[in-house]
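Since the structure comes first, as structure tokens, the remarks are kept for the end.
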């Protein structure tokens with residue numbers, strides 16, 4: 242179905258994410274209605290195009306694997322658990338051809354079918370904090386390969402020198418859904434020789450300049466709690482396990498870029514809970530939007546949701562957030578670090594984007610691009626247009642796709658109760674506490690695709706909302722999805738914020754999206770020009 246839809250090139254379809262038994266279609270409802278899309282998909286189900294696609298076989302990818310030893314610390318356990326010798330485990334594992342059903346969990350991580358039943362082994366009771374890149378593991382009736390270092394609970398039986406994910410390679414992902422994998426045993430000497438001959442990875446802390454000629458720089462004096470370079474995110478890679486990422490609060494980020502005079506894709510800084518301090522080597526024009534972190538320029542308070550000039554040598558300082566959670570600092574021209582896979586957004590989990598995929602550190606030198614035209618004077622968003630961040634928020638939710646897997650009282654609890662943001666929240670997702678949402682018969686489903694706003698409900702019955710850096714697949718039932726225009730509210734919440742969920746129709750969701758886009762389109766004419774300092778502020 243994914244292949245057939247790709248051949249159709251339908252205007253409005255943004256991404257297709259195939260998984261074991263379902264296909265996630267992400268589309269722009271302002272360009273393509275749900276009813277038209279449903280009709281198109283229904284028409285394709287029995288079409289020859291889909292039948293032909295289903296018979297197509299992907300590439301056969303051969304992965305050399307050094308089994309056992311420190312590369313496969315669980316090989317002996319897998320053998321004893323199944324009444325086999327280590328040599329029999331290796332022979333059985335390398336005998337099969339494994340179809341790649343989907344990619345997820347980590348960028349490039351393949352979910353494979355075809356593991357011989359005699360090799361099925363339970364996961365570790367306590368996951369390892371670090372699993373080496375290239376590790377080949379078994380979990381239950383599945384086998385897979387870790388594309389880079391990460392925590393993990395699979396039983397590791399070997400390691401491949403091949404990189405499954407390399408963002409700087411012409412083809413970043415070694416395998417695709419529909420491909421097949423064969424594991425080929427090699428000895429330690431062959432493994433090490435392969436590693437030595439492999440092209441070295443790009444320096445993860447590289448910070449060479451992008452193609453734009455920098456107009457100036459500013460330096461990190463204090464980085465704050467978690468300050469990263471973000472933009473609108475990288476699209477087109479969900480099917481390979483790479484989430485789009487980007488700004489957690491896309492509304493504040495877009496307004497900041499509008500105030501600064503940038504396009505919507507310009508890179509900017511996102512600060513979380515505690516802001517940083519920055520010294521500008523060059524004169525710049527900046528905008529500050531989002532949480533109130535008590536910004537000051539050379540000790541003088543600056544107005545939030547405003548844009549203003551910073552002189553050469555000027556120092557811009559932010560403190561603890563007193564309202565909201567995240568603030569965005571945009572510089573006219575945009576931050577011009579090199580893009581990775583089409584985006585400058587920092588994705589911490591994969592270590593890509595921004596400054597080598599990490600949060601900012603002391604002494605980082607941040608370049609910003611030149612922009613034509615005269616530098617404008619101070620300006621700000623009118624007070625009646627500024628979002629507020631209350632202690633209780635309402636999030637509109639489209640029910641589904643697995644709301645039928647919840648007991649009726651569980652659904653009632655979800656839409657009638659007050660939930661609270663817990664300390665377990667980050668750029669990947671928000672865990673809430675409150676009345677349990679009871680399932681009909683268990684929380685687990687066959688893993689399928691996720692998107693930002695999806696509300697998973699694990700076995701404890703408590704909602705978990707996916708945010709910008711969410712993993713692209715998950716195995717818990719989803720009761721609904723928070724609509725896109727409401728995600729900025731969640732991104733600005735902190736521990737203790739109360740959350741209420743409100744049932745939303747497709748028509749209402751599209752209406753709210755259209756209103757938000759009209760609001761953003763009308764910001765330019767609505768901006769108020771400042772005259773020097775007002776009320777003691779820049």
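Numbering (my numbering), first residue to last: 242 to 779.
Note that beta-carbon positions come from the ideal geometry of N, C-alpha and C, so glycine has one too.
On a predicted model such as this, the values are computed, not experimentally measured, just so you know.
- Residue state for residue 401 is assigned as coil, using DSSP reduced to three classes.
- Contact check for residue 344 and residue 350: beta-carbon distance about 6 Å, within the 8 Å limit, so the pair qualifies.
- Distance between residue 641 and residue 573, taken at the CA atoms: about 41 Å.
- Using a Cβ-Cβ distance cut-off of 8 Å, the stretch 326 to 346 and the stretch 481 to 493 are in contact, since at least three pairs of beta carbons, one from each stretch, lie closer than that value.
- For residue 747, the uninterrupted alpha helix (DSSP H) run begins and ends at 747 to 762, by DSSP.
- One alpha carbon belongs to residue 596, the other to residue 424, and they sit about 35 Å apart.
- Closest in alpha carbon position to residue 415, among 422, 409, 405, is 405.
- Taking every protein chain shown into account, the CB of residue 353 has 16 or more other CB atoms within 10 angstroms, so this residue is buried.
- In this structure, the CA atom of residue 337 is about 26 Å from the CA atom of residue 264.
- Just so you know, the alpha carbons of residue 689 and residue 523 end up roughly 48 Å apart.
- With a 10 Å radius around the Cβ and a threshold of 16 neighbouring Cβ atoms, residue 712 comes out buried.
- Counting along the chain, the unbroken alpha helix (DSSP H) around residue 331 starts and ends at 327 to 336.
- For residue 387, the three-state secondary structure derived from DSSP is coil.
- Under the three-state reduction of DSSP, residue 533 is assigned to strand.
- For residue 298, the secondary structure class from DSSP, reduced to helix, strand or coil, is coil.
- DSSP links residue 717 through a beta bridge to 685.
- For the 8 Å CB-CB criterion, residue 577 and residue 461 do not form a contact.
- The stretch 409 to 487 contains, as complete beta strand (DSSP E) runs of 3+ residues, the segments 421 to 426, 455 to 463, 468 to 471 (chain order).
- Counting only the Cα atoms, residue 321 lies some 16 Å from residue 399.
- Taking 8 Å as the cut-off, the Cβ atoms of residue 538 and residue 557 count as close.
- Per DSSP, the continuous beta strand (DSSP E) segment holding residue 548 begins and ends at 547 to 551.
- Annotated as distal: residue 535 and residue 554, with beta-carbon spacing of 8 Å or more.
- Residue burial annotation: residue 657 is exposed, with fewer than 16 other C-beta atoms found within 10 angstroms of its C-beta.
- Rounded to whole angstroms, the separation of the alpha carbons of residue 673 and residue 737 is 9 Å.
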